Amino acid sequence: MGNELISFWILLKNYLGCEECDLDEYVLKELEEVVDVARMTPADISEILIKNRRKKEKDVNELLEILKLRA
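Each residue of the sequence shown is one higher than the one before, counting from 2 in my numbering.
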């Protein structure tokens, strides 16, 4: 697991209270594929996560789509 991925999981846990095991297997696999190559800072990711804090699934899916665009 790369440093980017470790940082990503820390952000998910801190902002959404979300662990790897909380995510759908398909979404988890996609996130792992794009997070290391996406051109986003932790601040960029935090900004997205803070928008929908009460809707974890929506927030993770939105973040995944943005990561895909920036990968």
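Yeah, the Cβ is synthetic: ideal placement off N, Cα and C, and Gly gets one too. All of these numbers come straight from a predicted model, not from anything done at the bench.
Check, Outcome
"Just the Cα atoms here: how many angstroms apart are Lys1 and Phe9?", "With the chain represented from 2 up to 72, any question about residue 1 goes unanswered, as that position is not in the structure."
"Go ahead and pull the three-state DSSP assignment for Lys56.", "coil"
"In the structure shown, what three-state DSSP assignment does Arg40 receive?", "coil"
"Round the Cβ separation of Leu17 and Arg54 to the nearest angstrom and send it over; I've been treating them as touching at under 8 Å.", "6 Å"
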